[in-house]
Amino acid sequence: MATEPDWSGMLSQFLSRDPTPMERDLICRGLTMVSERQLVSHLLPIDEAEEKMQYLEQLEKYWKARFLALSGEPKRLYKPLQPLVVATVMMMDLTKLREFFDQTGEMRSAILEKLLLSLCVMPCFIKTVMIRKRNDEVDNFSLKIAGPAIAREESELRAKERKKSHSSESFEDRDGKKKKRQGEEVDRCDKAKDERRMLDRNRCIILGSGNPEVCHILPFSLNSKEEQQRKFRGYLGPAIFCIFSETPKWVDGPPEISPDNNLFEGSDKDDEMEVDEDAEMEIDVIGDEPPSALFAIFCRKVFASRPGVSDKSWNEICLNEQLRNWWGQGFFALKPLGIDGKFQSPVTNKGHVTIYTQIKVQFHWMPRHNDLSRTISEGISPRALSSLVGKTFGDLDHTDDSNPVFALDRKASVSHLVETGDIFYVKVEFRYADRMLAALQIQWAAIKILAMAGGAESLDNVGDHPDYLDQNLNWLGHRGVTIPDLIKEWDD
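Following the UniProt record's numbering, the numbering of the sequence shown begins with 1 at its first residue and continues without gaps.
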């Protein structure tokens, strides 16, 4: 029988030999690495799943029966609802679904049409939220194995290509200020990255390992170009209609819009949000909007009011290389649990004081399976869907060997057990807490839907534009409604 090591003696011997700063840092992290954990709620309780599957079956029947009238396509081109659409319905608020399906007559038809139209947007919305750009420094494993010299040459070559491609993107306006040409991609803000590293003490928020990567919560690409920004703006209304039954609690009260519809109260010059004509139309009656519509307006301002608007430290966290890759594939999600505390920074020599808070997040490994996509592509079978849902989204099985339990960090040569329910904290300026919470809420909803639909593979067949959505759609045309009109309807 193995004897227990003399931990006290080993520690005394270690300290007596005058350890290096790196060794002291490692032992300090090891001694303080005690995970905070909190009970997790079911991603999809079984009793809710059974009722939602009944509504899903009704929706599928309505879609099939009205396919020609709604889509304008012949019945021979009919396809069952996509896995991501099915997963969205399964993740919708049950009370909202009951209200929809309890309607009768023309009201029921109008609501189901609006729901189906919103659901058609969801695959593209999830794809946009989950796209993460390759990191040239870390994604190419073969370069690392080949050696630092080759990796350095390749990195320098890519840097030259990026510099060349950006050289003609800007021009000087009449005031001599550099601006991007319309349609060009904005550059990522180094100032925001440096600020995030400072806030996270240049450590991965999960592992505590050094030299992490600064990762966007909602990807930089969703508004890095004007075209992408406008496209994502159009997705937000229907997506929030589907996945949020009410506005998440505001940290410091609901946001207020200035009379000129231009600035959030308390914003500084760096956070001015240019509002186009459509935005002014959407914000006119903000005082009378339902909670979810207010949240949609808030998200459009924060994430889609202009290119690069969310490239800020409040939309970033520090993660190690492996966790970054797994997060991009939807292997895990971070559930926001609100803020924890409120504290101020030391007074600077200019007398400036910054108020900070911490966002409390709960780590969740996502269930992963390969059967659901195939099942749904062949048509919805409530019995088959029920068995899959019960196995992967009911009570959490902590003995399931298919879920990874270790997050590895090759740079620091350390590993740390990370489990569902672990609690972590992200520091952010108090005035931007609502923005970070909104980004985390959208990330949490998107990854849950992605996991339910079969994981990142379910995005493979998602195109660049929502299926069946067109300016000439019969189901809009027969009411004389256009897409912009419909976006306003979602807000009203």
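Glycine is no exception: its CB is placed at the ideal position from the N, C-alpha and C atoms.
Judged by DSSP in its simplified three-state form, TRP365 adopts strand. Non-local C-beta neighbours of ALA333 in its own chain, meaning closer than 7 Å and more than five positions away in sequence, comprise HIS364, MET366, GLN443, TRP444, ILE447, LYS448, ordered along the chain. Relative to LEU218, the option among ARG203, ASN315, PRO307, PHE125 whose CA is nearest is ASN315. TYR78 counts as exposed, since fewer than 16 other beta carbons sit within 10 angstroms of its beta carbon. In the three-state DSSP reduction, ARG203 falls in the strand class (E or B).
Taking a contact to require three or more Cβ pairs closer than 8 Å, the stretch 85-101 and the stretch 184-192 do not qualify as touching.
Where ALA333 is concerned, the enclosing beta strand (DSSP E) starts and stops at 332-344. Check the Cα spacing between LEU119 and each of GLY208, PHE101, VAL129, PRO83: the tightest is with PRO83. Of the other Cβ atoms in all chains shown, fewer than 16 fall within 10 Å of the Cβ of ASN461; this residue is therefore exposed. Going by DSSP, VAL85 is part of the alpha helix (DSSP H) stretching over 83-91.
Note on geometry: alpha-carbon atoms of ALA110 and GLN103 lie some 10 Å from one another. When the alpha-carbon of ASP434 is set against those of GLN229, GLY328, VAL302, GLY330, the nearest one is in VAL302.
The beta-bridge partner set that DSSP reports for GLU51 is empty.
Assigned with DSSP and collapsed to three states, GLY9 falls in helix. Within the DSSP bridge table, the entry for TYR235 names no partner. Ranking GLN362, LEU44, ASP311 by CA distance to the CA of THR420 puts GLN362 first. In the three-state reduction of the DSSP assignment, LEU319 falls in the strand class. In this structure ILE355 is exposed. Its beta-carbon is surrounded by fewer than 16 other beta-carbon atoms within 10 angstroms.
Residue VAL89 holds the alpha-carbon nearest to the alpha-carbon of LEU44 among VAL89, TYR62, SER8, SER12. Inter-segment contact for the stretch 335-347 and the stretch 234-244 is absent: fewer than three beta-carbon pairs are separated by less than 8 Å. Using a Cβ distance threshold of 8 Å, HIS465 and CYS242 do not count as a contacting pair. The bridge partners DSSP lists for GLU429 are TYR356.
Under the three-state reduction of DSSP output, ASP18 falls in the coil class, being neither helix nor strand. Put simply, the backbone Cα of GLY72 is about 12 Å away from that of LYS64. For VAL214, same chain residues with a beta-carbon under 7 Å away, outside a window of 5 residues either side, are LYS193, ARG196, ARG197, GLU316, CYS318 in chain order.
CYS299 is not a Cβ neighbour of ALA451, given a cutoff of 8 Å. Among the bridge pairs identified by DSSP, VAL302 is matched with none. In this structure, VAL418 is the residue among PHE220, GLY105, VAL418, LEU15 with its C-alpha nearest to the C-alpha of CYS204.
Shown here for LYS127: same chain residues with a beta carbon closer than 7 Å to its own, the five before and five after excluded, namely LEU459, VAL462 in chain order. Within the same chain, Cβ atoms closer than 6 Å to the Cβ of LEU112 are found at TYR62, the five residues on either side in sequence being excluded. Listed as beta-bridge partners of ILE111 by DSSP are no residues whatsoever.
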